[in-house]
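Numbering of the sequence shown is given in the UniProt record's numbering, commencing with residue 1 and proceeding in unit increments.
Here a beta-carbon is modelled for each residue, glycine too, at the ideal position from N, C-alpha and C.
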Amino acid sequence: MKVVDFLKQKRVTLAQHPFEFKDWLSPSIRDYWIEFLSKANNSQLATWVKEQKIASTGESISQPAPVQLHPEAEKIQTELTATLGEEIHVGDWLIVDQSRINSFAAVTEDHQWIHTDQERAANESPFKTTIAHGFLTLSLLSVLTDSVNPDNTKFPSAKMTVNYGLNQVRFPYPVKEGNRVRARTKIQSVTPIKRGLEIVQEISVEIEGCRRPGCVAESVIRLYF
Numbered sequence: 001m002k003v004v005d006f007l008k009q010k011r012v013t014l015a016q017h018p019f020e021f022k023d024w025l026s027p028s029i030r031d032y033w034i035e036f037l038s039k040a041n042n043s044q045l046a047t048w049v050k051e052q053k054i055a056s057t058g059e060s061i062s063q064p065a066p067v068q069l070h071p072e073a074e075k076i077q078t079e080l081t082a083t084l085g086e087e088i089h090v091g092d093w094l095i096v097d098q099s100r101i102n103s104f105a106a107v108t109e110d111h112q113w114i115h116t117d118q119e120r121a122a123n124e125s126p127f128k129t130t131i132a133h134g135f136l137t138l139s140l141l142s143v144l145t146d147s148v149n150p151d152n153t154k155f156p157s158a159k160m161t162v163n164y165g166l167n168q169v170r171f172p173y174p175v176k177e178g179n180r181v182r183a184r185t186k187i188q189s190v191t192p193i194k195r196g197l198e199i200v201q202e203i204s205v206e207i208e209g210c211r212r213p214g215c216v217a218e219s220v221i222r223l224y225f
């Protein structure tokens, strides 16, 4: 059966359950499909389709009221927008030793031998040592970006800073026991929201002496004023 004929037969299912399509794809293509859907839902294409639908029905297109920014929020937006795509912060080195890995394993109850059994890892692991949990590396982003340093608050004029989530996360290379890591941050976007700003940052966790990063995450924070 041709792909076109297959899609025609499945068009009703696809329209009602678009994410089920990913289950038919190979793993190598599935991530691209999910990323495409995510970006399409937030892109100019989605806006254009919506406008075309409204125009075809004769409905009027109403423009949303502009967000009134707090003066301090407007100042921060101007400063950060001028740095889009540039590296704005490089943190201090932090060692990921076995004690830290074991503590994380105890909290999360993830005691896989690749993380906690140093003798077995030395004999059986391709890395010849234990490695940090990927989620341990991810959990260190706050301290690596100085976001939790009370003596060096990034946005002191904001009443509250909220970790809103992550758009995507990858672990290109494992962090081995004893490695030193640090974060490098770039601003991807700054968007006004009600009572504040939404900031998207690309954070890369550099492993000392390694070409590939231990983690690359697109982090979303919100500032409220």
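*Would you tell me roughly how many angstroms separate the C-alpha atoms of Lys75 and Ala121, rounded to the nearest one?*
Going from the Cα of Lys75 to the Cα of Ala121 covers about 51 Å.
*Pairwise C-alpha distance: Ile187 and Gln68*: Rounded to the nearest whole angstrom, the CA to CA distance from Gln68 to Ile187 is 22 Å.
*Quick one: what's Cys215 bridged to in DSSP?*
In the DSSP output, where bridge partners are listed per residue, Cys215 has Val205.
_Whole-number beta carbon distance between Ile199 and Leu166, since they are thought to touch under 8 Å_ = The distance from the Cβ of Leu166 to that of Ile199 is about 13 Å, inconsistent with a contact at the 8 Å cut-off.
_Spatial distance of Val220 from Ala158 (CA atoms)_ = It is roughly 16 Å from the alpha-carbon of Val220 to the alpha-carbon of Ala158.
*So Glu102 is in the alpha helix (DSSP H); what residue range does that whole segment cover?*
At residue 102 the sequence reads Asn, which differs from the Glu that was named. It spans Gln98 to Thr108 - the alpha helix (DSSP H) in which Asn102 sits, taken as one unbroken run.
*asked:* Taking only three categories from DSSP, how would you classify Tyr224?
replied: Residue state, collapsed to three classes: strand.
*When the Cα atoms are used, what is the spatial distance from His111 to Ala105?*
One C-alpha to the other measures close to 5 Å.
*Kindly provide the ranges of any alpha helix (DSSP H) runs that are 4 or more residues long and lie completely inside the UniProt domain "MaoC-like" (82-195), ordered along the chain.*
Counting only runs of at least 4 residues, the UniProt domain "MaoC-like" (82-195) fully encloses the following alpha helix (DSSP H) elements, listed from N- to C-terminal order: 98-108, 113-116, 118-124, 134-139 and 141-144.
_Beta-carbon gap between Ala132 and Val169 smaller than 8 Å_ = Contact flag unset, no.
*So what does Glu67 bridge to, in DSSP terms?*
Here the sequence assigns Val to residue 67, which means Glu is not the residue at that position. The partner list for Val67 (beta bridge, DSSP) is empty, contrary to what the question assumes.
*Is Ser103 buried or exposed, if buried means 16 or more other CB atoms sit within 10 Å of its CB?*
Exposed.
*Can you check DSSP and say which residues form a bridge with Leu197?*
Bridge partners of Leu197: Pro192 and Leu223.
*Which residues in the same chain have their Cβ closer than 6 Å to the Cβ of Val148, if we skip the five residues on either side of it in sequence?*
Answer for Val148: Ser142, listed in chain order.
*Find the nearest neighbour of Asn179 within the set Thr191, Lys154, Phe155 and Pro213, judged by alpha-carbon distance.*
For the residues Thr191, Lys154, Phe155 and Pro213, the minimum Cα distance to Asn179 belongs to Pro213.
_Closest by C-alpha distance to Thr137, when choosing among Ser189, His115, Phe225 and Leu84_ = Residue His115 is the option with its Cα nearest to Thr137.
_Short of 6 Å in beta carbon distance, which residues of its chain neighbour Thr130, apart from the five on each side in sequence? Order them along the chain._
Apart from sequence neighbours up to five positions away, the residues of its chain that approach Thr130 with a beta-carbon distance below 6 Å are His115, Gln118, Ala121 and Glu177, ordered along the chain.
*Report the residue from Ile88, Ala183, Phe127 and Gly196 whose alpha carbon sits nearest the alpha carbon of Met160.*
Ranking Ile88, Ala183, Phe127 and Gly196 by CA distance to the CA of Met160 puts Gly196 first.
*Enumerate in chain order the residues of its own chain whose CB-to-CB distance from Arg182 is below 8 Å, with the five nearest sequence positions on each side excluded.*
Short of 8 Å from the beta carbon of Arg182, and not among the five residues preceding or following it, lie these beta carbons of its own chain, in chain order: Val90, Gly91, Asp92, Trp93, Leu94, Leu144, Val205, Glu206 and Glu208.
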